Amino acid sequence: MICHMLFCFFVLSFQVRNISSVDEINHFHRVAGEDLNIICYGLSSGTLRIFCRENCEGENVLVNTTSKKAVNGRSTAEYFERAYEKSFNLSVGISNLTHTDSGLHKCGLGDNTATFTEFKVVVAEAQLDGNSDHHFYKESGSWLTVACSFSFSGTNKYFCRGDCGEDVLLYTDGVRAQSGRYSIGHDKSAKSNIFYVTIKNLTRFDSGQYRCLSYLNSGTISHVDFHINVSDVTSGTTDQSRLYQNNGATSGDLPLIVIVVALAVTVILLSAALLVSCRRRSLQGSGIIDSTSHKQMESVVFEQSTSGDLIYQNLKLASKNQQ
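With mature numbering (1 follows the signal peptide of the UniProt record, and there is no 0) applied, the sequence shown covers -21 to -1, 1 to 302.
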């Protein structure tokens, strides 16, 4: 079984050996919560002492001072000279590292960032060993870096998906290597019994088991397994954001809608009330007019009666009485 594994590793090493090595810039690997202290030697002279990251603009400027020593939050910078070397140096540091501290950093004197010393910081979320299960729950688009710890410094280091049978993501027999979204490495000055693996831009298809494997030419093999569960929450977040935006727009339009509806209801109610009032007045007016007309008609009848008619009526009444 051991021979079979050794043969597999030889074949895999031959297949992936051409993966690009990343040795251009110094890398410093740490675990979250640890401190980082770096000395930038042989800098160009200048009155400004600057410690920054990425493009060295805005919030990426960690320390910018003319003083010999300065502290800004978790970041520090201290200037010193070595007369016998005639060198200008800057000691920089970050305390209580988090994974967001990962990335390109620069330190230098003056304001010409082109002369600054560059280095990369890699901060692992956790240091793993083979004594327990390790599970990480991540979101789509995020990235994960872990430190795999072994009892010996392996000559060859593998990063695989599954049990390293066929799906070897990355391999190196040096300090660092990178391929696509995957990288593996350790500090040059440190023993390689701890090496770091990174997956960037995670998707839900990255969910599953992964393995760090360390191999010595003597045949000693050790591995550390961990699991990643990636939730595809990016679209959900987007939908929620869109829903929130829609709700926000509706909420913004709500007062106008309420006003329009209220006015419409008010107009309808007033119209209905006015119609009912007019109807009642119309009915009441008709009754009064009819009664008055009747009385007026009666009055008119008597007023239009001639005196002859009255005499006739009186004579008729008198003759009836005599009978």
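For every residue, glycine included, the Cβ atom is placed at its ideal position computed from N, Cα and C. What you are looking at is a predicted structure, and each value in this text was computed from that prediction instead of being measured.
- Would you mind sorting F67 into buried or exposed? The rule is 16 or more other CB atoms within 10 Å of its CB. buried
- Query: What is the rounded straight-line gap between the Cα of L69 and the Cα of H114?
  - Reply: 39 Å
- Message: Are the CB atoms of N172 and residue 380 within a distance shorter than 9 Å?
- Response: No answer is possible for residue 380: it lies beyond the span of the chain, which begins at -21 and ends at 302.
- Message: Any contact between the segment 9 to 22 and the segment 70 to 79? By contact I mean 3 or more CB pairs, one from each, below 8 Å.
- Response: yes
- Query: Any idea what DSSP makes of I4, helix, strand or coil?
  - Reply: coil
- Message: Relative to the C-alpha of Q188, which candidate in D152, T245, S119, D142 has its C-alpha closest?
- Response: D142
- Jot down the residue ranges of each uninterrupted beta strand (DSSP E) in the segment 46 to 100, minimum 3 residues, whole runs only, in chain order. 48 to 51, 54 to 61, 66 to 73, 82 to 88
- Item | Secondary structure, beta strand (DSSP E): runs of 3+ residues fully inside the segment 100 to 184 | 105 to 107, 114 to 118, 123 to 128, 135 to 140, 147 to 151, 155 to 158, 161 to 164, 173 to 178
- Task: Would you kindly report the start and end of the unbroken beta strand (DSSP E) that includes L27?
- Result: No beta strand (DSSP E) contains L27, which DSSP labels as neither H nor E.
- May I have the straight-line CA-CA distance separating D108 from H202, to the nearest angstrom? 8 Å
- Task: Taking 9 Å as the cut-off, decide whether the C-beta atoms of G89 and I29 are in contact.
- Result: yes
- Message: Rounded to whole angstroms, what is the Cα-Cα separation between F98 and S111?
- Response: 33 Å
- Message: Using C-beta distances below 7 Å, list every residue in its chain close to S250, excluding the 5 sequence neighbours before and after it, in chain order.
- Response: none
- Thinking just about the alpha-carbon of each residue, which of G153, F205, L149, T245 is nearest to the one in E104? F205
- Do you know how far the Cα of F184 is from the Cα of F174? 24 Å
- Query: Exposed or buried, what is F138 when buried is set at 16 or more other beta-carbons lying within 10 Å of its beta-carbon?
  - Reply: buried
- Message: Considering just the uninterrupted stretch of the beta strand (DSSP E) at S201, what are its terminal residues?
- Response: 200 to 210
- Just reading off the beta strand (DSSP E) that L195 is part of, what are its end residues? Here L195 belongs to no beta strand (DSSP E), and DSSP marks it neither H nor E.
- Item | Proximity of T177 and W122 at Cβ, strictly below 9 Å | yes
- Message: Excluding the 5 residues flanking Y116 on each side, which residues of the same chain have their C-beta closer than 6 Å to its C-beta?
- Response: N208
- Query: Residue range of the beta strand (DSSP E) that G21 falls in?
  - Reply: 15 to 22
- Could you check if V246 is buried or exposed, using at least 16 other CB atoms within 10 Å of its CB as the buried criterion? exposed
- Message: Can you find the residues in the same chain that come closer than 6 Å, C-beta to C-beta, to N43, ignoring five residues on each side of it along the sequence?
- Response: I29
- Message: For a test of the three-state rule: what should DSSP assign to G37, helix, strand or coil?
- Response: helix
- Contact under 9 Å by Cβ, D152 with K136: yes
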